[in-house]
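In what follows, a single structure is set out as structure tokens and then discussed.
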Amino acid sequence: MTNDKQQTTIPFVDFKLQHQPIQAQLQQAIQKVVQQGDFILGKAVADFEAAFARACGVDYGIGVSSGTSAITLGLQACGIGVGDEVILPTNTFIATLIGVMQTGAIPILVDCDPNTALIDLKAAQKAITGKTKAILPVHLYGQMVSPSQLLALADAHDLLIFEDAAQAHLAQREGYIAGSIGKAAAFSFYPSKNLGAFGSGGIVLTKDATVAEKVRSLRNYGAPKKYLHTDVGTNSRLDTLQAAVLNVKLPYLDQWNQSRNSAAKEYDTLLEPLQSQGIFPIQNQSATGHIYHLYVIRVSAACPLDRQTIQDQLTASGIQSGIHYPTPCHLQPAYRYLGYKKGDFPNAETLSQEILSLPMYPGISSAQITHVVDSLKRITFGKL
Ligand SMILES: Cc1ncc(COP(=O)(O)O)c(C=O)c1O
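Per my numbering, the sequence shown starts with residue 626, numbered consecutively.
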């Protein structure tokens, strides 16, 4: 049987480009763990925790099994639990909401800024009640929520800040590094993240020694020492093998992020003529501090073609794309019982219909970026 499907010429992410040059280092690091046999909470975990915390300018890092776990255990360690209200944006990956729900806290969803897709802090302010304990900003697509505005809001209302930095490894804004603004922060090392493991992984960062000790206990059966269970914990540790991989990759993260940022600048410039067709990028308000986990454009109502048509035609041209995310959290079937309905968060709902993520990875070439944009132009102008 012949496969007449068009071959992908530009993938959405390209792991080979990232891993081939460091393959020998990766293999050595994995081999070392196999030889040492310290698979659970081995040396590589402690090494990585210290190195990543240092890179982000905080004192403590506690490796956990996923970004979702990092949110749950991090919030719990900060004292968030049943009856507490936590404010978060509705336009995020569902894991942010899951992380909050697992603590027993009440999620209070809010809308986003339509230009940046980041949490609307004015909407967050309006959502504050006497039960609000924390605000959970998501540094979406690799761009931080404004630290100065967040801190001002949190100070004024005595709120704890817990950052979801799953998409923002070493992102910067206003002199702050992601993960260093609040009481604690969660990161994911899902393989396609800017710093990705060879499987699942996450970390909680904090400057607070008590919070750090609590997460250490919670991730390891609630045991600060073997067979003594002082917390109702779980099994959620970062594997030594994953930490070994992350230790090899961490020194390259900054250059990979810079490569993404330069690629985004190329996209921005080449895409300019498409603004007349109602297609424009999500705004970057943090210059080189944006680490472009995703490069996202909007196919607005002013565009003669709808997003689905454009995405289908890109696919037919061998260009992969994505939608992050097609349904905001408040409209997901599993969470209907929270009581939200269509129309509650118009900016997030509109964005979910308009956004399209283009290929983005360190090392994406100018020729590839040009090809993506030329294809978009051919598709869009060709229909006029
Ligand atoms: C914004 C955000 N929060 C949380 C997560 C959860 O991370 P994980 O998949 O490692 O559980 C992810 C990524 O998947 C994410 O993008």
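Positions of the beta carbon are idealized from the N, C-alpha and C atoms, including for glycine.
Using 8 angstroms as the threshold, is the C-beta distance between residue i and residue j below it?
| i | j | result |
| --- | --- | --- |
| I907 | Y766 | yes |
| R862 | L666 | yes |
| A822 | A654 | no |
| S690 | S825 | yes |
| N860 | D672 | no |
| D684 | K832 | yes |
| H949 | A793 | no |
| F664 | T975 | no |
| T634 | I944 | yes |
| S1000 | S946 | no |
| L795 | A675 | no |
| A834 | I687 | no |
According to DSSP, is residue i part of a helix, a strand, or is it coil?
| i | result |
| --- | --- |
| C954 | helix |
| G943 | coil |
| E799 | coil |
| Q883 | helix |
| S773 | helix |
| A912 | helix |
| G692 | helix |
| I994 | helix |
| S977 | helix |
| F664 | coil |
| F823 | coil |
| I647 | helix |
| G682 | coil |
| V716 | The sequence as given places Asn at residue 716; Val does not occur at that position. Three-state result, N716: coil. |
| K966 | coil |
| N872 | helix |
| N740 | coil |
| Y815 | coil |
| T627 | Note on T627: pLDDT 35, under 50, position unreliable in the model; the coordinate value appears next. Reduced to three states, the DSSP call for T627 is coil. |
| Y846 | coil |
Report the option in the options whose CA atom is closest to the CA atom of residue i.
| i | options | result |
| --- | --- | --- |
| A752 | V763, L930, D736 | D736 |
| I719 | K818, C954, G807 | C954 |
| L843 | Q701, G692, A793, Q643 | Q701 |
| L785 | F640, A791, T757, N972 | T757 |
| L981 | D999, I705, Y920 | Y920 |
| A742 | L956, R923, Q797, D931 | R923 |
| L722 | Q902, P898, D789 | D789 |
| V998 | K890, Q957, Q652 | K890 |
| Q797 | N845, Q768, N819, E674 | Q768 |
| P951 | S942, A959, A973 | A973 |
| T693 | V670, A676, V829 | V829 |
| Q652 | Q867, V857, Q978 | Q867 |
Please work out which residues of its chain come closer than 7 angstroms, Cβ to Cβ, to residue i, disregarding the five sequence neighbours upstream and downstream, and give them in chain order.
| i | result |
| --- | --- |
| S773 | E799 |
| I744 | P714, V735, C737, P762, V763, V770 |
| D969 | H955 |
| K641 | none |
| S817 | V638 |
| L1009 | Bear in mind that the predicted position of L1009 carries a pLDDT of just 45, short of 50, making it too unreliable to give a figure here. |
Suppose the cutoff is 6 angstroms on Cβ atoms and the five residues either side in sequence are ignored; what does the same chain contact list for residue i look like?
| i | result |
| --- | --- |
| N909 | H915 |
| D629 | Here the model assigns D629 a pLDDT of 42, short of 50, so the residue's position is not dependable, and the following value carries that caveat. None. |
| K839 | A702 |
| G682 | I802, S805 |
| A748 | V735, D736 |
If I measure Cβ to Cβ from residue i and keep anything under 8 angstroms in the same chain, skipping five residues before and after, which residues do I get?
| i | result |
| --- | --- |
| K668 | Q661, T865 |
| M626 | Residue placement at M626 is flagged as unreliable, the pLDDT there being 35, under the threshold of 50; a coordinate-derived value is accordingly withheld. |
* State whether the region 747 to 761 contacts the region 980 to 987, with contact taken as three or more CB pairs (one from each stretch) at a distance under 8 angstroms. => no
* Touch test, the region 770 to 784 against the region 872 to 890, Cβ-Cβ under 8 angstroms, three pairs minimum -> no
* Asked: Is the number of C-beta pairs between the region 712 to 720 and the region 757 to 771 that are closer than 8 angstroms three or more?
  -> yes
* May I ask you to verify whether the region 913 to 922 touches the region 792 to 811, counting CB pairs closer than 8 angstroms and requiring at least 3? => yes
* Asked: Would you call the region 807 to 814 and the region 726 to 736 in contact, with 3 or more CB pairs under 8 angstroms?
  -> no
* Count the C-beta pairs between the region 933 to 947 and the region 998 to 1005 that are closer than 8 angstroms, then say yes if the count reaches three, no if not. => yes
* To do: Decide yes or no for the touch test of the region 883 to 893 against the region 834 to 851: beta carbon pairs closer than 8 angstroms, at least 3 of them.
  => no
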